[in-house]
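One structure is given here, and the rest of the page talks about it.
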Amino acid sequence: MTSDTEHGHDNHAATDITGTHAWQELSAHQGHVYAMHLREVFAVDPKRGRDLVIDVGDLHIDYSKHRVLRETIDLLLSLAREVDLEGKRDAMFWGEHINTSEDRAVLHTALRLPAEATLKVDGQDVAADVHGVLDAMGTFTDSLRSGEWKGHTGKAIRTVVNIGIGGSDLGPAMVYQALRHYVDTDIHCRFVSNVDPADLVGTLADLDAETTLFIIASKTFSTLETLTNATAARSWLLRELGIDATDSNNPAVAKHFVAVSTNAEKVSAFGIDTDNMFGFWDWVGGRYSVDSAIGLSVMAAIGKEAFGEFLHGFNVMDKHFRSAPLHQNAPVILGLIGLWYNNFWGAQSRVVLPYSNDMARFAAYLQQLTMESNGKSVDSAGHHVTTDTGAIYWGEPGTNGQHAFYQLLHQGTRLVPADFIGFGSPTDDLPVDADGSGSMHDLLMSNFFAQTKVLAFGKTADEIADEGVDPHVVAHKVMPGNRPSTSILAPELTPSVLGQLIALYEHQVFVEGAIWGINSFDQWGVELGKTQAKELLAVIVDAAAPAPQDDSSTDALVRWYREQRGR
Ligand code: F6P
């Protein structure tokens, strides 16, 4: 595989998507589907529950409970073809600079290429580079896991604390929790992200500095939260080891700090030996980086083999996305269905409901992946978009959500498409009854199936009245149904399955962004807040500084805060 100008695409050329033929047809078609209840849709097309499914890798994906007809899918696929989705997808895989505002390739898919692959981009074999770093990570984590790597006082490492934020935290934190059954050493990980000191203080409170190693994970190595926490962690370590806390060049630092970054210069300036720096590249976006060296903490916990299986899972989905025909292509179909609700039904959000407690952080992870990618108002040419873009993602593990917000999903006035994720075999199971019979996992999954069924088909007033319910209460008990969901099932939550799931969402983000014509790979919207926080810091700490805010609200807030702090 080589990058080749033959595959070139003019990514600056944006089309007004709403003016396409397929868009017009979809608009007209929506009214027809809107008038149908899913009960009717299933009655007229009884085989859809078996047909509107895609099996890919270990995933079984059922999209039949969506408010789509087979014709809807055809129209959505026409839209995808009209914007040359396949050409745009190939441009990403070939390493073209599709991140136009930063003039970068977007090659997270190269992070999971097998060792024998070659991918030349701008004359460089990026697959070889990736495996060079993976090998270095493997050697380092082997030495941690075997106890060969010693801290300053000669003790083996027992706790790895990953300090990072955003993509340098959410991915490893989510994966570590999801794969806790694969942690096969005495090494445990903790994650610190927030610049709120409570995070670091709480995390370090019961740790022994002699057996603690910090991974400072930051692509840029200039993120305020991460560098502030890293500096405080270094002071803590030196203090705890009985060394002057200001002696940042003390050799103890190199024994207890390693870095994951693209910025060697800043890593070295911090006092971390660049021999203990694990690199990645500007073509890996932060929110797409859990499968890069950013996953170092995960590798330390589960080992390089299991980490390799995790990467293999991504690669399974990459190959599918790249080669499956569009009508059987899971990220394409799910991305298009998401766009269908977003743009033709006015749905504002999408809820993700893993029936797996171990995936408790999955929705938070997806929030960055999806919303930092597709929360954009201009297209890649800089023109204001003509339709809504990225949905709001949220979610909690089932069954907790059932006892919190499902009321709104079932009977509220808003349409919230839902993704249910569940597993055939549990990571843990317990009997239901005191005599040892029954399975709590069966109980969990019966809830999964019940919820998707009730959302889709509901219960009518007649059915409720037939049960002898007090007529005054009937209306309150009506379950309207007609509420869409995807069911994603896998045999069990393995490293490979988790990789497949993450890549499934990554590529849906791509599909939607490509159709909207936006750049899913920059994040300029986070910058202004960072610079203004720096300016405001100078104002809130200095009693002598005037409160120079030119709006009366911020001015009053700053004054209030300074008063509280006695300034
Ligand atoms: O501010 C947003 C962001 O740039 C994310 O895109 C990124 O994942 C996060 O900050 C952390 O950045 P870094 O890895 O450079 O510290």
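Every letter in the sequence shown is one number past the one before it in this note's numbering, and letter 49, counting from 1, is 1311.
The beta carbon of each residue, even a glycine, is placed where N, CA and C say it ideally should be.
Treat the numbers as computed from the prediction; the structure is a model and nothing was measured.
In terms of residues, what are the limits of the beta strand (DSSP E) holding residue i?
i, result
"Met1539", "Met1539 to Gly1541"
"Thr1474", "Thr1474 to Ala1479"
"Tyr1655", "Ile1654 to Trp1656"
"Val1318", "Val1315 to Val1318"
Based on the DSSP secondary-structure assignment, which residues constitute the bridge partners of residue i?
i, result
"Gly1575", "In the DSSP output, where bridge partners are listed per residue, Gly1575 has none listed."
"His1450", "Thr1421"
"Val1383", "Gln1386"
"His1646", "Val1640"
Tell me whether residue i sits in a helix, a strand or coil according to DSSP, three-state version.
i, result
"Ser1340", "helix"
"Ala1752", "strand"
"Thr1267", "Any reading at Thr1267 is ruled out, since the residue's pLDDT is 34, under 50, leaving its predicted position unreliable."
"Pro1593", "helix"
"Gln1664", "helix"
"Val1803", "helix"
"Asp1272", "Legend: pLDDT at Asp1272 = 46, less than 50; position of this residue unreliable, value from coordinates given subsequently. Coil at Asp1272, not helix or strand."
"Phe1783", "coil"
"Lys1566", "helix"
"Asp1324", "strand"
"Val1368", "coil"
"Val1613", "strand"
"Asn1361", "strand"
"Asp1463", "Correcting the residue type first, residue 1463 is Val in the shown sequence and not Asp. Helix at Val1463."
"Ile1279", "helix"
"Lys1412", "strand"
"Ile1599", "helix"
"Glu1378", "coil"
"Ser1559", "helix"
"Val1552", "coil"
"Arg1620", "Per the sequence shown, residue 1620 should be read as Asp rather than Arg. Asp1620: helix per DSSP, three-state reduction."
"Leu1469", "coil"
"Asp1580", "helix"
"Arg1651", "The amino acid at residue 1651 is misidentified as Arg; the sequence shows Thr. The answer is coil: DSSP assigns Thr1651 none of H, G, I, E or B."
"Ser1510", "coil"
"Ala1297", "coil"
"Leu1288", "helix"
"Val1457", "coil"
"Leu1334", "Checking the sequence shown, residue 1334 turns out to be Thr, not Leu. Thr1334 falls in the helix class under three-state DSSP."
"Trp1778", "helix"
"Arg1310", "helix"
"Val1546", "coil"
"Val1788", "helix"
"Phe1606", "helix"
Residue range of the alpha helix (DSSP H) that residue i falls in?
i, result
"Val1522", "Run containing Val1522: none in the alpha helix (DSSP H); it sits in the beta strand (DSSP E), Phe1519 to Ser1523."
"Asp1404", "Val1388 to Ser1408"
"Glu1527", "Ala1526 to Phe1532"
"Asn1491", "Leu1486 to Glu1502"
"Pro1434", "Leu1432 to Ala1440"
"Thr1816", "Ser1814 to Gln1826"
"Gly1429", "Element bounds for Gly1429: n/a, residue is neither H nor E."
"His1588", "Inspection of the sequence shows that residue 1588 is occupied by Leu rather than by His. Element bounds for Leu1588: n/a, residue is neither H nor E."
"Lys1638", "Where Lys1638 is concerned, there is no enclosing alpha helix (DSSP H), given that its DSSP letter is neither H nor E."
"Trp1356", "Leu1347 to Trp1356"
"Val1303", "Leu1300 to Val1306"
"Tyr1627", "Phe1624 to Leu1628"
Shorter than 8 Å from the beta carbon of residue i to some beta carbon of chain B?
i, result
"Ala1807", "No chain B appears in the structure shown, which is made up of a single protein chain."
Practice item. Report yes or no: do the stretch 1653-1665 and the stretch 1602-1616 share at least 3 C-beta pairs separated by less than 8 Å? Key: yes
Point to revise | Length-filtered (4 minimum) alpha helix (DSSP H) runs lying within the stretch 1727-1774 | key: 1733-1739
Practice item. Please go through the stretch 1670-1728 and give each complete alpha helix (DSSP H) segment of 4 or more residues, from N-terminal end onward. Key: 1702-1719 and 1723-1728
Review point. Any contact of the stretch 1482-1495 with the stretch 1413-1431, i.e. 3+ C-beta pairs under 8 Å?
Key: yes
Exercise for review: Flag this pair as touching only if the stretch 1355-1371 and the stretch 1794-1805 have three or more C-beta atom pairs under 8 Å; answer yes or no.
Suggested key: no
Practice item. Take every Cβ of the stretch 1755-1771, pair it with every Cβ of the stretch 1614-1630, and state whether three or more of those distances are shorter than 8 Å. Key: yes
Practice item. Indicate whether the contact test is met: 3 or more Cβ pairs, each with one atom in the stretch 1631-1638 and one in the stretch 1687-1702, closer than 8 Å. Key: no
Point to revise | the stretch 1469-1481 touching the stretch 1553-1573, judged by at least three CB pairs closer than 8 Å | key: yes
Review point. Are there three or more Cβ pairs, one per stretch, closer than 8 Å when the stretch 1738-1747 is compared with the stretch 1717-1725?
Key: yes
Check your understanding: Taking one C-beta from the stretch 1772-1779 and one from the stretch 1584-1601 each time, how about it: are there three or more such pairs within less than 8 Å?
Key -> yes
Point to revise | the stretch 1536-1545 / the stretch 1412-1427 touching (three or more Cβ pairs under 8 Å) | key: no
Review point. Do the stretch 1490-1509 and the stretch 1459-1474 make contact, defined as three or more Cβ pairs closer than 8 Å?
Key: yes
Check your understanding: Are at least three pairs of beta-carbons, each pair with one atom in the stretch 1538-1556 and one in the stretch 1513-1528, less than 8 Å apart?
Key -> yes
Practice item. Evaluate contact between the stretch 1665-1677 and the stretch 1579-1596, counting only Cβ atoms and requiring at least three cross-stretch pairs below 8 Å. Key: no
Practice item. Taking 8 Å as the threshold, find out whether the stretch 1370-1377 comes into contact with the stretch 1567-1576 through three or more Cβ pairs. Key: yes
Review point. Are at least three pairs of beta-carbons, each pair with one atom in the stretch 1321-1340 and one in the stretch 1747-1759, less than 8 Å apart?
Key: yes
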